[in-house]
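Residue numbering for the sequence shown follows my numbering, beginning at 85 and increasing consecutively.
Cβ coordinates follow ideal geometry from the N, Cα and C atoms, glycine included.
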Amino acid sequence: MNISIRVNDKEERLFKAYAKSNHMTLSEMLRKYTLERIEDEIDMKACEDYLLREELGETEFTPASEVFEKLGV
85 MNISIRVNDK EERLFKAYAK SNHMTLSEML RKYTLERIED EIDMKACEDY
135 LLREELGETE FTPASEVFEK LGV
């Protein structure tokens, strides 16, 4: 699949220089950092959701010893 994005000349030079300095093609660089950004945002949302649930008293913790006992470890 091909995806096009429009950038100005300054942005194009920046992207190409950054990709080159990291020994990647432009496509590899854009894919890598776009995916990393998406993953970071997903992780941040999960943390925010957890903190909200914790604040609302909706979280429950089980000591590791209890988990091991239940698992027979």
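**Asked** For T143, which residues from the same chain have a beta carbon less than 8 Å from its beta carbon, with the 5 sequence-adjacent residues on both sides left out?
**Response** Position 59 of the sequence shown holds residue 143. Taken in chain order, the residues that qualify are Y134, R137.
**Prompt:** Alpha carbon to alpha carbon, how far is K100 from L110?
**Reply:** To locate residue 100, count along the sequence shown from 1; it is residue 16. To locate residue 110, count along the sequence shown from 1; it is residue 26. About 6 Å.
**Request:** Determine the extent of the alpha helix (DSSP H) in which V91 is found, giving its start and end residues.
**Result:** To locate residue 91, count along the sequence shown from 1; it is residue 7. Per DSSP, V91 belongs to no alpha helix (DSSP H) and is neither H nor E.
**Prompt:** Do you know whose CA, among R115, G156, M108, N106, lies nearest I89's CA?
**Reply:** Locating residue 89 in the sequence shown gives position 5, where the first residue counts as 1. Among R115, G156, M108, N106, the Cα nearest to that of I89 is on R115.
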